[in-house]
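Here is the structure we will look at.
Residue numbers (our numbering), protein chains in the order written: chain U, 133 to 242; chain X, 254 to 367.
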């Protein structure tokens with residue numbers, strides 16, 4: 133079973149920030165938070181990951197709360213191509229497993 | 254360009270037939286994986302392989318078989334014992350079984366059993 137909880141769907145307007153929440157209240161100290169996304173009928177794509185500190189890359193920002201029980205993925209300027217299912221996953225560095233829940237279906241509106 | 258290829262993209266088979274899905278990677282990755290995805294659901298792990306000539310069952314291995322004779326290739330056979338084979342199948346690879354930043358996924362094969 134997935135160790136994360138995400139809203140089933142969200143939407144945002146093109147050009148605006150998309151903020152996707154994830155709850156991982158049972159995360160352990162050595163588990164990372166990963167985000168992947170899956171555009172319709174394609175394979176998932178890695179976006180970003182983090183342990184404690186906030187992270188930013190060319191695709192997105194990841195904000196992890198101080199108690200690490202939740203996080204938010206931020207797409208700063210959403211485009212229509214960002215419409216996808218976003219998966220929040222917790223994983224230990226020593227584990228091969230990516231446990232995918234049902235994710236959040238993000239719809240970016242024109 | 255480096256990546257993972259899966260073929261074919263769509264596959265149709267009659268019930269009771271075995272079918273083999275292809276997965277090839279040129280990323281020089283040691284670890285490879287097969288996942289199954291049903292509509293509206295997340296991915297579930299079928300089999301994984303840490304290295305050539307080694308593979309392990311994942312969470313839903315019943316009715317499936319794999320081989321890993323070459324580093325680049327990890328074919329999946331869906332046997333007639335698999336009760337609900339119609340699904341979207343995804344192959345992935347990572348540099349190793351542990352300590353990787355990301356798994357790289359192929360484009361998937363959509364299998365329909367008639």
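For each residue, glycine too, the CB sits at the ideal point set by N, CA and C.
Being a predicted model, the structure only gives us computed values, none of them experimental.
When you compare only the Cα positions, how much space is there between residue i and residue j?
| i | j | result |
| --- | --- | --- |
| residue 240 of chain U | residue 180 of chain U | 20 angstroms |
| residue 204 of chain U | residue 166 of chain U | 11 angstroms |
| residue 277 of chain X | residue 324 of chain X | 9 angstroms |
| residue 315 of chain X | residue 256 of chain X | 28 angstroms |
| residue 172 of chain U | residue 160 of chain U | 32 angstroms |
Mapping the DSSP letters down to three states, classify residue i as helix, strand or coil.
| i | result |
| --- | --- |
| residue 307 of chain X | strand |
| residue 239 of chain U | strand |
| residue 212 of chain U | helix |
| residue 323 of chain X | strand |
| residue 159 of chain U | coil |
| residue 151 of chain U | strand |
| residue 221 of chain U | strand |
| residue 282 of chain X | coil |
| residue 367 of chain X | coil |
| residue 313 of chain X | coil |
| residue 226 of chain U | coil |
| residue 138 of chain U | coil |
| residue 274 of chain X | strand |
| residue 232 of chain U | coil |
| residue 294 of chain X | coil |
| residue 205 of chain U | strand |
| residue 169 of chain U | strand |
| residue 197 of chain U | coil |
Relative to the alpha-carbon of residue i, which residue among the options has its alpha-carbon at the smallest distance?
| i | options | result |
| --- | --- | --- |
| residue 333 of chain X | X/313, X/345 and X/267 | X/267 |
| residue 302 of chain X | X/354, X/294, X/360 and X/348 | X/348 |
| residue 229 of chain U | X/324, X/328, X/297 and X/282 | X/297 |
| residue 254 of chain U | U/164, U/208 and U/198 | Because chain U here runs from 133 to 242, residue 254 of chain U falls outside it and cannot be looked at. |
| residue 352 of chain X | X/259, X/311, X/284 and X/330 | X/284 |
| residue 310 of chain X | X/286, X/326 and X/294 | X/286 |
| residue 322 of chain X | X/312, X/308 and X/313 | X/308 |
| residue 158 of chain U | U/137, U/225 and U/177 | U/137 |
Please tell me whether residue i and residue j are closer than 9 angstroms, where the distance is taken between their beta carbons.
| i | j | result |
| --- | --- | --- |
| residue 270 of chain X | residue 340 of chain X | no |
| residue 217 of chain U | residue 135 of chain U | no |
| residue 148 of chain U | residue 209 of chain U | yes |
| residue 201 of chain U | residue 155 of chain U | yes |
| residue 330 of chain X | residue 263 of chain X | no |
| residue 259 of chain X | residue 342 of chain X | yes |
| residue 175 of chain U | residue 359 of chain X | yes |
| residue 141 of chain U | residue 238 of chain U | yes |
| residue 319 of chain X | residue 288 of chain X | no |
Q: Using a Cβ-Cβ cut-off of less than 8 angstroms, list which residues of the stretch 174-194 of chain U approach chain X; keep chain order.
A: Hits within the stretch, in order: 174, 175, 176, 177, 178 and 181.
Q: Report the residues of the stretch 262-279 of chain X with a CB closer than 8 angstroms to any CB of chain U, ordered along the chain.
A: Within the stretch 262-279 of chain X, no residue places its CB atom closer than 8 angstroms to a CB of chain U.
Q: Using a Cβ-Cβ cut-off of less than 9 angstroms, list which residues of the stretch 285-306 of chain X approach chain U; keep chain order.
A: Of all residues in the stretch 285-306 of chain X, 286, 288, 290, 293, 294, 295, 296, 297, 298, 301 and 303 have a Cβ within less than 9 angstroms of some Cβ in chain U.
(Q) Can you pull out the residues from the stretch 351-366 of chain X whose beta carbon lies closer than 9 angstroms to at least one beta carbon of chain U? (A) Taking 9 angstroms as the Cβ-Cβ cut-off, the stretch 351-366 of chain X approaches chain U at 351, 352, 353, 354, 355, 356, 357, 358, 359, 360, 361 and 363, given in chain order.
Q: Check distances from the C-beta atoms of the stretch 211-228 of chain U to those of chain B and list, in chain order, the residues that come in under 8 angstroms.
A: Within the model displayed, chain B is absent; protein chains U and X are what it includes.
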